[in-house]
Amino acid sequence: MSTLDPSHTQTLALLTPRRLVKAVKTLLESQGLWGKQIEAMTKPVDVGGSGLGVGEEMYLVYSSLSRDGDEGEEYCAEENGDEAGGSSEGGEAKVVVDERLGSDLAVLVKEGHVQAEWVRNEIATATPTTATASTATIRLRQQVRRFLEDHPPPPPSPSPVDVGGATDTDVDSAREFLISTLPKRWSYYPPLVLLLPTAFTSPQWEAYLASLSDDQRTEFYTTFTTAIHPKATHLAINAPIPPTTTAALAALTSSLNSTTITPTPPTTPPTRSSNSNTLRSPANLTPLLGLFGPLPPALPTPATLPFTLFTTTTQLSIHQTWAPLHTMFSRGNISEKSRILTPTFPGARAILNSLTLDLYAGIGYFSFCYLRAGAGVVLCWELNPWSVEGLVRGMQRNGFGGVMVVGEQEETPAVELGEEGGPRVLVFNEDNKHAGRRLLELRGKGKGKGLPVKHVNLGLLPASQGGYRVAVEAILIGDGNVLEGETVGWAHVHENVAVGEEEEKGEEVKREFGRLVREVGGEKGGVELDGEKGGFRVKTYAPGVVHVVYDVKIWR
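The numbering of the sequence shown is full-length UniProt numbering, which starts it at 1 and goes up by one.
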């Protein structure tokens with residue numbers, strides 16, 4: 001390892017608003033890249049009109065990554081969507097950031113929540129290191145090279161005028177091309193390595209993989225997977241989630257029977273119909289190595305669970321788990337998760353010991369954040385039974401307390417909400433259109449009357465509008481301890497909005513909630529948007545479309 005001249009050495013620092021400093025520091029620590037230094041910015045920051053830093057205290061959070069100041073931007077990470085387990089809802093975007101930062105920080109940089117900068121810093125460059133490719137990338141190239149030497153690729157077909165046939169040079173050239181076009185980006189969700197949809201799709205890679213026997217192909221995928229992480233046992237290629245259940249099952253069956261890989265074009269969001277993929281089953285996932293479990297529409301039962309692969313990840317010290325064959329995971333939501341955990345989150349103080357409703361719970365993306373922030377109990381609604389299973393396992397892994405699952409055909413239980421011995425999470429495996437009735441039944445049975453609803457999370461899929469009335473009724477009904485004119489609670493509304501129309505959509509959301517509040521609570525109630533009129537931008541959903549959260553404050 002060569003030593004860099006400190007006068008020319010730069011350190012990778014992340015320009016970060018105050019509300020995200022703790023989250024960025026935690027992510028750096030989890031990667032072993034914390035540079036042990038945070039520097040407050042004393043002057044306004046101009047970051048190209050992105051809105052980052054406008055009206056906020058900004059800090060430079062230093063990593064331990066260094067490079068020669070004369071080097072160019074060496075690492076260009078290509079991200080195609082942000083959902084693991086089969087979804088790729090956004091268009092392809094390029095992010096210039098050191099590949100060793102990890103996927104979660106890459107998402108924050110890509111979405112403009114933080115900005116990566118190479119800066120000179122005497123403290124951070126006291127023990128400089130060279131900026132090389134990651135250890136995993138080096139190991140991957142070395143081990144694949146050995147495999148290709150033992151199983152050489154077929155040489156290119158000779159031209160009609162080439163009477164000499166293929167030479168050793170031709171074989172070497174073919175091998176070097178395969179090595180140079182190995183996947184450069186992946187996500188590791190133990191024990192699964194998940195690749196982008198473009199992996200192994202060049203004609204050369206397709207021809208090489210097709211030339212191998214089944215046993216040789218398995219050996220190659222094993223070599224590839226363990227080179228990325230020695231404990232990895234499964235490999236798959238990510239892809240867009242199909243819009244219909246028919247397309248989902250057909251795509252998965254095709255991928256399991258195929259020896260070559262064909263990228264799948266992006267799909268449009270599903271609509272509610274008998275054939276719509278409302279459960280967001282990631283059936284376009286292409287398994288390459290390992291057993292993933294029974295195919296959809298299999299349900300989680302004692303007969304199927306022992307054979308089903310569950311993967312895990314940790315964000316902001318919160319563990320989440322899911323079955324990638326049946327459930328998606330979106331790491332792009334980390335900015336909203338971080339926001340919920342900060343003191344500046346609208347209604348942050350009101351979370352403590354209150355009742356939170358998560359109408360689109362999934363595997364607990366946001367439910368767990370409310371629990372970590374101090375919510376007494378979270379009531380969850382989720383259609384996908386596999387997501388419910390992931391949520392239950394996540395509760396156990398995080399040690400958040402008891403969890404109870406109620407099926408659509410089951411009666412509302414008489415449970416002690418918010419009292420010692422009662423569940424911290426009550427999950428209804430059903431459509432959230434039943435939420436209002438369930439809440440009234442819980443309170444009608446004399447349970448949970450003293451636990452007001454202060455926050456309602458309205459996720460996006462399949463659409464948040466169906467939960468507007470439920471949110472208003474949950475917040476306004478049964479909370480007699482609030483004086484006239486006081487804030488009752490907050491609804492956090494997730495919407496996909498065309499770029500440039502964020503404020504217009506915010507006004508539309510405000511008007512609809514205002515109408516519902518007057519209808520449910522009388523003319524004395526009202527609403528307002530808490531925070532920016534254009535909402536909080538979470539991530540890019542598709543080219544020209546952003547995922548935004550509007551914080552609707554409801555008062556009596």
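Glycine included, each C-beta is placed from N, C-alpha and C at the ideal position. Because the structure is a prediction, the values reported are computed rather than measured.
- For a cut-off of 8 Å, the C-beta gap from residue 380 to residue 391 is around 7 Å, short enough to register as a contact.
- At least 9 Å separates the beta-carbon of residue 375 from that of residue 359.
- Of the candidates 377, 452, 284, the residue whose Cα lies closest to the Cα of residue 239 is 284.
- Rounded to the nearest whole angstrom, the C-alpha separation of residue 444 and residue 366 is 27 Å.
- Contact check for residue 533 and residue 500: beta-carbon distance about 13 Å, past the 8 Å limit, so the pair fails to qualify.
- Burial check for residue 231: the Cβ neighbour count within 10 Å stays below 16, so the residue is exposed.
- Distance check between residue 34 and each of 362, 63, 170, 10 places 63 closest, using alpha-carbon atoms only.
- Per DSSP, reduced to three states, the secondary structure at residue 434 is helical.
- When secondary structure is reduced to three states using DSSP, residue 537 falls in the strand class.
- Taken in chain order, the complete alpha helix (DSSP H) segments of 4 or more residues contained in the stretch 379 to 412 are 385 to 398.
- Using a C-beta cut-off of 8 Å, the stretch 210 to 222 makes no contact with the stretch 179 to 194, since fewer than three inter-stretch Cβ pairs fall below that distance.
- Counted as a single uninterrupted DSSP element, the stretch harbouring residue 183 is not any alpha helix (DSSP H), since DSSP gives it neither H nor E.
- Secondary structure at residue 237: strand, using DSSP grouped into helix, strand and coil.
- According to the DSSP assignment, residue 287 belongs to the beta strand (DSSP E) that extends over 286 to 289.
- Residue 117 is bridged by DSSP to 13.
- With three or more CB-CB distances shorter than 8 Å, the stretch 321 to 332 counts as touching the stretch 295 to 311.
- A straight line joining the alpha-carbon of residue 174 with that of residue 103 spans about 31 Å.
- With contacts defined by Cβ atoms closer than 9 Å, residue 510 and residue 468 do not form a contacting pair.
- Counted as a single uninterrupted DSSP element, the stretch harbouring residue 305 is not any alpha helix (DSSP H), since DSSP gives it neither H nor E.
- Secondary structure at residue 477: coil, using DSSP grouped into helix, strand and coil.
- Residue 13 is a Cβ neighbour of residue 60, given a cutoff of 9 Å.
- With fewer than 16 other CB atoms across the displayed protein chains lying within 10 angstroms of its CB, residue 142 is exposed.
- With contacts defined by Cβ atoms closer than 9 Å, residue 497 and residue 474 do not form a contacting pair.
- By the neighbour-count definition (other C-beta atoms within 10 Å, threshold 16), residue 336 is a buried residue.
- For the stretch 301 to 376, the continuous beta strand (DSSP E) assignments of 3+ residues that do not extend past its boundaries occur at 311 to 315, 318 to 322, 355 to 358, in sequence order.
- Judged by DSSP in its simplified three-state form, residue 36 adopts strand.
- In the three-state DSSP reduction, residue 428 falls in the strand class (E or B).
- Checking the DSSP bridge columns, you'll see residue 187 partnered with 194.
- A direct Cα-Cα distance of roughly 15 Å separates residue 435 from residue 454.
- Taken atom to atom, the span from the alpha-carbon of residue 463 to that of residue 493 is near 10 Å.
- The stretch 18 to 38 makes contact with the stretch 332 to 350, as at least three CB pairs between them are under 8 Å.
- The beta carbon of residue 38 sits closer than 6 Å to the beta carbons of 59, 61 from its chain, once the five residues preceding and following it are set aside; these are given in chain order.
- In the structure shown, the three-state DSSP call for residue 551 is strand.
- Judged by their CB atoms, residue 192 and residue 227 are not nearer to each other than the 9 Å cut-off.
- For residue 171 against residue 197, the beta-carbon gap comes to about 29 Å, at or over 8 Å, which does not count as contact.
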